[in-house]
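**Student:** Once you've had a glance at the structure underneath, I'll fire off some questions.
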Amino acid sequence: MGQAQAPSPGRSPEELAALEPTLRAWALRATGDPDVARDLAQETLAAGLETLGRFDGRSALRTWLIGMLSHKVADHFRRRYRAPFEVGDADAPDLRANPTDSDVERVVMARRDLARVDRALAQLPPGERLALLLVGVEGVDHEAACHEMGVTATHLRVLLHRGRHRLRRMLEREL
Amino acid sequence: MSCEYARRWFSDSFDGQPLPAWARFVVWFHLHRCPRCRRVASSLRATEDALAALKDEPPPESTGGSSGL
């Protein structure tokens, strides 16, 4: 006699729908466009509802949905920009620049003024921004981030280190 | 090891990517000798902390509308 399977926490459509503001906020941070963010969040919710039965609970529901959303953000960038994840040599000055002690202090203080961090993040090229949002903010592992962005591990590493150094330089300087 | 090369390795160490033992040693040795890179490493760590702090922070309604391009 089989036992009825207890519903797993975090799997109900209502719980999924409750994450809509989180998804919209995440998409806004990634794209900088409220209309696009709303559309991408809704598309993600629709896709999530459709595939909820396949959610295996190995990650948090939020992480699962953000993975899906970041895939859609990457597709949006590809449709909108030519080669959005291309990396050039434009970061070399950021990589070579040496901060002073007061510059470092400014970055430390940025943690108390997250609006500054948001403004700096918005100025990054889209690929670097998306990579930092996935790995630096969400803590997604490299393998999953590569999958969602559709880039190789080497490409992701380059996006991350360029993005980090560029962001560092922006926070060291007054924006 | 040049400063630029060492700085590429710092980034990897921030997201749990295990560096090979030789790379950890070379970076450690470089940081030991190079005050400028020590400041860069501190600044990068603070940048990473600020990024992580964004996780539970709602974004401003408009981030300036910049696509970054």
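Those sequence lines, one after another, are chains A and B. Sequential numbering from 48 applies to the first sequence in this note's numbering. Sequential numbering from 82 applies to the second sequence in this note's numbering. We put the beta carbon where it would ideally sit given N, CA and C, even for glycine.
For residue 142 (chain A), which residues in chain B fall below 7 Å Cβ to Cβ?
**Tutor:** Along the first sequence, read from residue 1 onward, the residue named residue 142 (chain A) stands at position 95. Neighbours of residue 142 (chain A) on chain B, chain order: 85, 88.
**Student:** Could you check whether the region 202 to 217 of chain A touches the region 170 to 185 of chain A, counting it as contact only if at least three pairs of C-beta atoms, one from each stretch, sit closer than 8 Å?
**Tutor:** Yes, the region 202 to 217 of chain A is in contact with the region 170 to 185 of chain A.
**Student:** Cutting at 6 Å between CB atoms, please list the residues of its own chain near residue 84 (chain A), excluding the five before and the five after it.
**Tutor:** Here residue 84 (chain A) refers to the residue found at position 37 when the first sequence is read from its first residue. Excluding residues within five positions, the ones whose Cβ falls inside 6 Å are 71, 74, 75, 78.
**Student:** So residue 100 (chain B) contacts chain A; which residues on that side make the cut at Cβ distance below 9 Å?
**Tutor:** Taking the first residue of the second sequence as position 1, residue 100 (chain B) is located at position 19. Neighbours of residue 100 (chain B) on chain A: none; closest Cβ ~12 Å, over 9 Å.
**Student:** Run the CB neighbour count on residue 212 (chain A), radius 10 Å, all protein chains shown included, and call it buried at 16 or more, exposed below.
**Tutor:** Here residue 212 (chain A) corresponds to residue number 165 of the first sequence, with the count starting at 1. Buried.
**Student:** Under a Cβ-count criterion, where at least 16 other Cβ atoms within 10 Å of its own Cβ denotes burial, should residue 100 (chain A) be classed as buried or exposed?
**Tutor:** Reading the first sequence from its first residue, position 53 is the one you call residue 100 (chain A). Answer is exposed; the Cβ neighbour count stays below 16.
**Student:** Would you check if the distance between the CB atom of residue 24 (chain B) and the CB atom of residue 91 (chain B) is smaller than 7 Å?
**Tutor:** This structure cannot speak to residue 24 (chain B), because chain B is shown only from 82 to 150.
**Student:** Does the Cβ-Cβ distance between residue 112 (chain A) and residue 179 (chain A) come in under 7 Å?
**Tutor:** Taking the first sequence and counting its residues from 1, one reaches residue 112 (chain A) at position 65. Taking the first sequence and counting its residues from 1, one reaches residue 179 (chain A) at position 132. For residue 112 (chain A) and residue 179 (chain A), no; Cβs fall outside 7 Å.
**Student:** Looking at chain A, is there any beta carbon in it that lies within less than 7 Å of the beta carbon of residue 122 (chain B)?
**Tutor:** For the purposes of this step, residue 122 (chain B) is taken as residue 41 along the second sequence, with counting starting at 1. So, not an interface residue.
**Student:** Taking the alpha carbon of residue 217 (chain A) as the point to measure from, which residue in A:141, A:119, A:182, A:86 has its own alpha carbon closest?
**Tutor:** By one-based count along the first sequence, residue 217 (chain A) stands at place 170. Answer by Cα proximity: A:141.
**Student:** Beta carbon of residue 136 (chain B), beta carbon of residue 120 (chain A): below 7 Å?
**Tutor:** By one-based count along the second sequence, residue 136 (chain B) stands at place 55. By one-based count along the first sequence, residue 120 (chain A) stands at place 73. No, they are not a contact pair.
**Student:** Once the 5 residues before and after residue 139 (chain B) are set aside, which same chain residues still bring their CB inside 8 Å of it?
**Tutor:** Residue mapping note: residue 139 (chain B) aligns to position 58 of the second sequence, counting from 1. Excluding positions up to five away in sequence, the list is empty.
**Student:** Would you say residue 62 (chain A) and residue 114 (chain A) are within 7 Å of each other, going by their C-beta atoms?
**Tutor:** The sequence position of residue 62 (chain A) within the first sequence is 15, counting from 1. The sequence position of residue 114 (chain A) within the first sequence is 67, counting from 1. Going by C-beta atoms, residue 62 (chain A) is not nearer than 7 Å to residue 114 (chain A).
**Student:** Alpha carbon to alpha carbon, how far is residue 170 (chain A) from residue 96 (chain A)?
**Tutor:** In the first sequence, counting from the first residue as 1, residue 170 (chain A) sits at position 123. In the first sequence, counting from the first residue as 1, residue 96 (chain A) sits at position 49. Computed Cα separation, rounded: 33 Å.
**Student:** Which residues of the region 125 to 137 of chain B have a Cβ closer than 8 Å to any Cβ of chain A? Give them in chain order.
**Tutor:** Here the close residues are 125, 127, 128, 129, 130, 131, 132, 133, 134, 135, 136.
**Student:** Which residues in the same chain have their Cβ closer than 6 Å to the Cβ of residue 181 (chain A), if we skip the five residues on either side of it in sequence?
**Tutor:** Here the question's residue 181 (chain A) lines up with position 134 in the first sequence. Excluding positions up to five away in sequence, the list reads 117, 187, 192.
**Student:** May I have a chain-ordered list of the alpha helix (DSSP H) segments no shorter than 4 residues that lie completely inside the region 134 to 175 of chain A?
**Tutor:** The qualifying runs are 139 to 143, 148 to 157, 161 to 169.
**Student:** To the nearest whole angstrom, what separates the beta carbons of residue 89 (chain B) and residue 118 (chain B), a pair I think is in contact under 8 Å?
**Tutor:** By one-based count along the second sequence, residue 89 (chain B) stands at place 8. By one-based count along the second sequence, residue 118 (chain B) stands at place 37. That pair is no contact at about 11 Å.
**Student:** Who are the near neighbours of residue 54 (chain A) in its chain, counting only those whose CB is closer than 8 Å to its CB and skipping five residues on each side?
**Tutor:** Within the first sequence, residue 54 (chain A) is the residue found at index 7, counting from 1. Below a pLDDT of 50, predicted positions are generally treated as unreliable, and residue 54 (chain A), at 45, falls in that range; no measurement from the model is reported.
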